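Asks: Under the numbering used here, the residue at position 21 of the sequence shown is numbered 25, and the numbers go up by one with no gaps. Note that CB positions come from ideal geometry on N, CA and C, so glycine has one too. All figures in this text were calculated on a predicted structure; none of them were measured in a lab.
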Amino acid sequence: MAIFSIFQIVSVLALSVYLIGLMNNLFSDRENACEMTYMYEYPQFVKVKVPENDLYPQYGLYAYSEGRFTERARKMRFDGIPVLFLPGNMGSHKQVRSLASVALRKALPPSKYGFHFDYFSIDFNEEMSGLFGGIFTRQVQFSSHCLQSILKLYTLNNSKNKPSSVIIIGHSMGGIIGRALLTYSRNKNLISVILTLATPNQAPVIAVDHYFNDLYSKINRFWDTKTPNSSNISPITNLWENKVFITIGGGERDHLVPSALTSSHHSDITSLTTAIPGVWLSTDHLCIVWCKQLVLVLNRFLFSIVDSTTKQLSSNSSHIIGMGKHYLMPGYSKNYSHYQTPVEFIPDAKWHEDSRRAYSFKNERTSKPWYYMIRLINLPNHEAATIQMIDLADSDWLFGCQAKYIHGQNRICLSGRHLSQFSRWGASQIGKRRTATLDLHMLHASYPHWTHVILRILPTYKPVQIHVDIHNKNSRQIQASLPAMYNFARRTIIKETELSAIRYNITLPGLDMLYQAYLLYVEPLESCQVVKHHATAELSIPWANGYEYHQFFTETQRAPMRIRLLKGNPYAVKNHTQHVNILLTLDPQCRYSISIGVSVYDALGQLSRHYTTSLPAYLAAILLLVLRHWAASMNLKKHSGISFHSALCGERVKPYYIFLFTRFDAAFAMMPMLHEATSSMGIGVSASQNFILLPLFLYLVALGSAHILGAVCWGFLVFSGQIAHRVLIRLVSVGKGGSGGRFWEWVAKEIRSVPGFGGFFLLIIGTASCGAAALATGAVFYFFLLTKMYEDYLEDFIYKTIAKVAKKFGKLTSKNLPDKNATDLTVEKQSKDNKNVSSDMSIENEKSPSETDKKKVDTDGASKETKKSNENENRKRLSKSSMESTLSSLHFHFSMFFIWCLVTIINIPTLLTWAHNFKYSKVLEMDPSYYPSLVMSVCAFSLWQIDAPKSDIKFYDIIDKIMYISAVITIIVAPISLYRLNYILPAIFSLITLHQTFAFKLTTNNDTDIQNDENVQTISEGNGDKVDINSHDTATKGENNSDDQSPSTNIGTASLNCENDDEIFEKIEELKEKMKFE
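1) Only counting runs of 3 or more residues, tell me where the beta strand (DSSP E) segments fall wholly within the segment 545–592, in order along the chain.
2) Once you ignore the five residues that flank residue 566 on each side, which residues in its own chain have a CB closer than 6 Å to its CB?
3) Roughly how many whole angstroms lie between the Cα atoms of residue 588 and residue 482?
4) Indicate whether at least one CB of chain C lies closer than 7 Å to the CB of residue 621.
5) Would you call the segment 982–1002 and the segment 965–974 in contact, with 3 or more CB pairs under 8 Å?
6) With residue 334 and residue 552 assumed to form a contact (beta carbons below 8 Å), what rounded beta-carbon distance in angstroms separates them?
7) Would residue 362 and residue 442 be called neighbours here (beta carbons separated by less than 7 Å)?
8) Starting from the C-beta of residue 62, find all residues in its chain whose C-beta is less than 7 Å away, skip the five residues before and the five after it, and write them out in chain order.
9) Check whether the Cβ atoms of residue 1083 and residue 437 sit closer than 7 Å, and answer yes or no.
10) Which partner residues of residue 274 appear in the DSSP bridge assignment?
11) Need the endpoints of the beta strand (DSSP E) that residue 89 sits in, please.
12) Helix, strand or coil for residue 891, going by three-state DSSP, please let me know.
13) Report the three-state DSSP secondary structure of residue 156 (helix, strand or coil).
14) Going by other Cβ atoms of all chains shown within 10 Å of its Cβ, with 16 needed for buried, is residue 568 buried or exposed?
15) One question on the structure: do residue 708 and residue 18 come within less than 7 Å of each other, judged by their Cβ atoms?
16) Using a Cβ-Cβ cutoff of less than 7 Å, which residues in the same chain neighbour residue 959 once the five nearest sequence positions on both sides are dropped?
17) Residue 526 and residue 598 - do their beta-carbons sit closer together than 7 Å?
18) In chain order, which continuous runs of the beta strand (DSSP E) of length 3 or greater are located wholly inside the segment 341–383?
19) I need the straight-line Cα distance from residue 402 to residue 416, nearest angstrom please.
20) Using a Cβ distance threshold of 8 Å, determine whether the segment 491–511 contacts the segment 405–421, with at least three qualifying pairs required.
21) Is the CB-CB distance between residue 181 and residue 89 below 7 Å?
22) Is the segment 931–945 touching the segment 244–264, taking contact as three or more C-beta pairs under 8 Å?
23) Do residue 277 and residue 200 have their C-beta atoms within less than 7 Å of each other?
24) Which whole runs of the beta strand (DSSP E) in the segment 411–451 are 3 residues long or more, in chain order?
25) Measuring CB to CB, does residue 890 end up less than 7 Å from residue 797?
26) Can you tell me which of the three DSSP states residue 530 falls into?
27) From residue 113 to residue 73, what does the alpha carbon distance come to, in whole angstroms?
28) Closest to residue 169 by CA distance: which of 84, 116 and 228 is it?
29) Is the separation between the beta-carbon of residue 364 and that of residue 592 shorter than 7 Å?
30) May I have the straight-line CA-CA distance separating residue 353 from residue 370, to the nearest angstrom?
31) Would you identify the three-state DSSP class for residue 55, choosing helix, strand or coil?
32) Skipping 5 residues on each side, what residues in its chain have a beta carbon closer than 7 Å to that of residue 954?
33) Just to confirm, is the Cβ distance from residue 102 to residue 299 under 7 Å?
34) In angstroms with no decimal places, state the Cα-to-Cα distance between residue 314 and residue 511.
35) For the 8 Å Cβ check, are there 3 or more pairs between the segment 549–563 and the segment 276–290?
36) CB-CB under 8 Å to residue 382, same chain, minus the five flanking residues each way: which ones, in chain order?
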């Protein structure tokens, strides 16, 4: 097999491409533009007593306070509006200080509010709730007790306006805890508002245990009664009547929780920080709790939903939702009742009407109101009007009226109706901008008596700029044709914008998939002479309301806008009419060129952002296919097995063996009748993920990762294995002093002499602590075994090489030495020639018996030569078989070691949780790793003890098929729910162990050959005369064909070589025993 196959090269390239995308995802997003929130005084956290705290000693409830208010908090005097903050994954209760400090300062005199908020926070011991779902039950239970305790504080204080409910603010997984609180019947009336920050509401970011699946299923079943999406679920109106659920995501800079997971179909308001007016920037996962821009907006919202009469939270959920949309979503104004009331105008003011279709004014400081009039004309070019006010302080500025009164030389309106609700506060870096786009023809049709639209500027000492652009709507609606992802040329959308144009609406049909990424270029032409020009591009996603984000274009910010989807189109496979939209707000004093191009770098970043969590499942499938390749090679009686590297390059690991099954699965999952069922099982994918190259790309990335990880592990095994083996064995052997040290020394000795004893030791660890600890210990010990196997193989290889070299050297030496037997025979012959002729007769008479003895000597020599030759061949065969067996065992256990490590990695969060809470409990109560560790420890007891793999057993063909089926199942069910690998991989591990331990043996051709050799040798020893005669005949023929060498000389030389071989092997065996590794 070739050292490098085409798929190996392609997989490494795919891994490199993925790493480039990972770098894009981590380092190329905009820098953090959030301002830090500072406290005016040193923050204090006062612990609040919870009666049930003895059941949860690691948790605690705290009240926030500062400065002189701390003493009141220590005396438990609370009379405000309670807010409970729930931290998330590894979060601290101190993260509440930014929100709480601003709320405290906002309520201090001379504040107009007359009420304040009391912030409480729970200390969850900074547990990893985002990675281990087993802790949620006790966290939710403790939070429920805290709700009861918080409300009791106000009852004990006899507060005049006692609160009846608590506002929940949950960060990260704390939001899930807040939602789970409502599943307890005793809490249904204790929570009014749930506000989640960067919370994965749709699904866990990475589900490494089944507790996540159970928790989310329970929450979703309960919350489905609020917004039932099935005919089998009926809404419970009295439960959800006064409850508001708001979700906020951090946008593209949050790499821990993708923004697509922060939304929920149960929420009343869904938004991203990039879309919130006044924030307009992305926050990372931790920054979202202290970002000053967001903290200020959230406090404005909270203060706006308090009833001014009761000084407590409003019981009107519609009012809360309305204010939430105004503060947290773009394009929503306050639902003020006065918008329905006519507005009186001041006749003695400055009235101005301009007949141009596009114009701009800069209104300097004025002490009188200004009224700018736009005439309603039924002409095509007067169909719509875009009006932009810069630095206008008043929110009531746009009206419609009938100008039928004459004042001086102007026709004016005395009253009008509000149109300010159609304006919105736009994103800006220069000045505060309010923009409104009105359909003038529709207004004229709805109010036929109206003649004008009025822009009002009240007296101000700050200059106000006005830009008016009257146009035909179709001229500003542009449908762009996106270039293909393989087309790197920029495509022009608008070569040159119209003069004084303010708004363009660009739709992008075809932008539906998460992997798509483009760059939008908004470039001012050379004719633009404005020193400080300002343009904004706002991307909105119709299927993800509230997921807008902006890009500014100024004289200093010329970078293109990165167009990426934070949430894919769920209707991408259908003929839909919803398209991504880009709203351009331009500087009317400049003309621009608009173009778009493909961004491969950002596309790679999208792949790493949204699909990294699926890679462990693909890696597991590849490991199963490696075992499949191994089983196939053993079935073909390749006793040396197959290496991990060769298996990865093998035919059975090629992606097309499982690629078709994944495509069939995706097609069936998208069928309407199966989509709901497969989604609930964690099998189906959304339409935006259902593109043909995604599984292939992920498979190749995982294959490249397997190559790199295998090479690294082999390198560490070869170059550092002996050192690590010695150090760690010595650490385990030494242990601690006293009886503990002797115990560990005994354990190390037993494990070294009987490796299967390690499985029993792992069972003790898993039962006494947690299964993940047993798995981690087993992974370390498994590496020890691999180092020992490699050393044994290396010793055999080195000694075999030395033996070959020594043998060749012995042969060369024997050829140069004088033949002692030949010299003696020559002397004896000369002596016989000098004898008397009279003795010839006697010599002839004695010749016959001497020749008989000579034949006997020749026969005995040939028999010894044959016997020693057979022994050498058997020794060589055993030596070669031993090396092949060691190498085969090493390759087999190397693959099994990877399976063990992958299971261990999946359960690392469990191990860290157990270690984090060790001082509170020695045994982890809810342990998802216990049964996997139990199965694999029992298997290790057998697998590490027997001589595996065995080549003389049956059913390798069945193992081959099972590995293939398991790999396909893994690709289908595990990418979304990784915890399923905790069932699949231990099951495969146990299957292979059972096969190696209990499978029936079979008779192979090699066994027959060995047996035949043994029979031939036995026959030769029992019938020496027959073999000796044949050998003598052969020697005699050799004598007749040689003039210079006698038969005795041949026998003597052969005998010398055999003795040299015996001595070499004896010395090698003695050397191996002396240098045996300990």
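Replies: Well, looking at it:
1) Positions of the beta strand (DSSP E) runs, each at least 3 residues long and wholly inside the segment 545–592, are given as 553–558, 565–568 and 584–589 in order along the chain.
2) For the purposes of this step, residue 566 is taken as the residue at position 562 of the sequence shown. Within the same chain, residue 566 has close Cβ partners 606.
3) Residue mapping note: residue 588 aligns to position 584 of the sequence shown, counting from 1. Residue mapping note: residue 482 aligns to position 478 of the sequence shown, counting from 1. C-alpha of residue 588 to C-alpha of residue 482: approximately 11 Å in a straight line.
4) Within the model displayed, chain C is absent; a lone protein chain is all it includes.
5) Touching, per the Cβ criterion.
6) Position 330 of the sequence shown, counted from the first residue, corresponds to residue 334. Position 548 of the sequence shown, counted from the first residue, corresponds to residue 552. At roughly 6 Å, the Cβ-Cβ gap stays under 8 Å, so residue 334 and residue 552 are in contact.
7) Working through the sequence shown from its first residue, we reach residue 362 at position 358. Working through the sequence shown from its first residue, we reach residue 442 at position 438. Not a contact, by the Cβ cut-off of 7 Å.
8) Indexing the sequence shown from 1 puts residue 62 at position 58. 129, 921 and 924.
9) Residue 1083 is absent from the model: the chain starts at 5 and stops at 1082.
10) Counting from 1 along the sequence shown, the entry for residue 274 is found at position 270. 251, per the DSSP bridge assignment.
11) Mapped onto the sequence shown, residue 89 falls at position 85. Element bounds for residue 89: 85–90.
12) In the sequence shown, counting from the first residue as 1, residue 891 sits at position 887. Helix at residue 891.
13) Stepping through the sequence shown from its first residue, residue 156 is reached at position 152. Here residue 156 sits in helix by DSSP.
14) Position 564 of the sequence shown, counting from 1, holds the residue named residue 568. With 16 or more other CB atoms across the displayed protein chains lying within 10 angstroms of its CB, residue 568 is buried.
15) Within the sequence shown, residue 708 is the residue found at index 704, counting from 1. Within the sequence shown, residue 18 is the residue found at index 14, counting from 1. Against a cut-off of 7 Å, the Cβ pair of residue 18 and residue 708 comes out as a contact.
16) As a working mapping, residue 959 is identified with position 955 in the sequence shown. Closer than 7 Å at the Cβ level, and outside the excluded window around residue 959, lie 999 and 1003.
17) The sequence position of residue 598 within the sequence shown is 594, counting from 1. The sequence position of residue 526 within the sequence shown is 522, counting from 1. Cβ atoms of residue 598 and residue 526: closer than 7 Å.
18) If only complete runs of 3 or more residues are kept, the segment 341–383 shows the beta strand (DSSP E) at 354–357, 362–367 and 374–379, in order along the chain.
19) Within the sequence shown, numbered from 1, the residue matching residue 402 stands at position 398. Within the sequence shown, numbered from 1, the residue matching residue 416 stands at position 412. In a straight line, the C-alpha of residue 402 is about 15 Å away from that of residue 416.
20) Proximity of the segment 491–511 to the segment 405–421 falls short of the contact definition, fewer than three beta-carbon pairs being nearer than 8 Å.
21) Counting from 1 along the sequence shown, the entry for residue 181 is found at position 177. Counting from 1 along the sequence shown, the entry for residue 89 is found at position 85. Cβ atoms of residue 181 and residue 89: not closer than 7 Å.
22) No contact exists between the segment 931–945 and the segment 244–264.
23) Translated into the one-based positions of the sequence shown, residue 277 becomes position 273. Translated into the one-based positions of the sequence shown, residue 200 becomes position 196. Result no, Cβ atoms of residue 277 and residue 200 do not sit closer than 7 Å.
24) Correct list: 414–416, 419–422, 427–430 and 437–443.
25) Walking along the sequence shown from the start, residue 890 turns up at place 886. Walking along the sequence shown from the start, residue 797 turns up at place 793. Yes, the Cβ-Cβ distance between residue 890 and residue 797 is below 7 Å.
26) Numbered from 1 along the sequence shown, position 526 holds the residue referred to as residue 530. DSSP places residue 530 in the coil class of the three-state scheme, outside both helix and strand.
27) In the sequence shown, the residue the question calls residue 113 occupies position 109. In the sequence shown, the residue the question calls residue 73 occupies position 69. The straight-line gap from Cα to Cα measures roughly 14 Å.
28) Along the sequence shown, read from residue 1 onward, the residue named residue 169 stands at position 165. Relative to residue 169, the option among 84, 116 and 228 whose CA is nearest is 84.
29) Residue mapping note: residue 364 aligns to position 360 of the sequence shown, counting from 1. Residue mapping note: residue 592 aligns to position 588 of the sequence shown, counting from 1. Cβ atoms of residue 364 and residue 592: closer than 7 Å.
30) By 1-based counting over the sequence shown, the position of residue 353 is 349. By 1-based counting over the sequence shown, the position of residue 370 is 366. The straight-line gap from Cα to Cα measures roughly 11 Å.
31) Mapped onto the sequence shown, residue 55 falls at position 51. If DSSP states are grouped into helix, strand and coil, residue 55 belongs with the helices.
32) For the purposes of this step, residue 954 is taken as the residue at position 950 of the sequence shown. Answer for residue 954: 1000, listed in chain order.
33) Start at 1 with the first residue of the sequence shown, and residue 102 comes out as number 98. Start at 1 with the first residue of the sequence shown, and residue 299 comes out as number 295. Cβ atoms of residue 102 and residue 299: closer than 7 Å.
34) Within the sequence shown, residue 314 is the residue found at index 310, counting from 1. Within the sequence shown, residue 511 is the residue found at index 507, counting from 1. So the two alpha carbons sit approximately 48 Å from each other.
35) In this structure the segment 549–563 lies against the segment 276–290, because at least three pairs of beta carbons, one per stretch, are closer than 8 Å.
36) Along the sequence shown, one-based indexing puts residue 382 at 378. Listed in chain order, the non-local C-beta contacts of residue 382 below 8 Å within the same chain comprise 445 and 448, local neighbours out to five positions each way being set aside.
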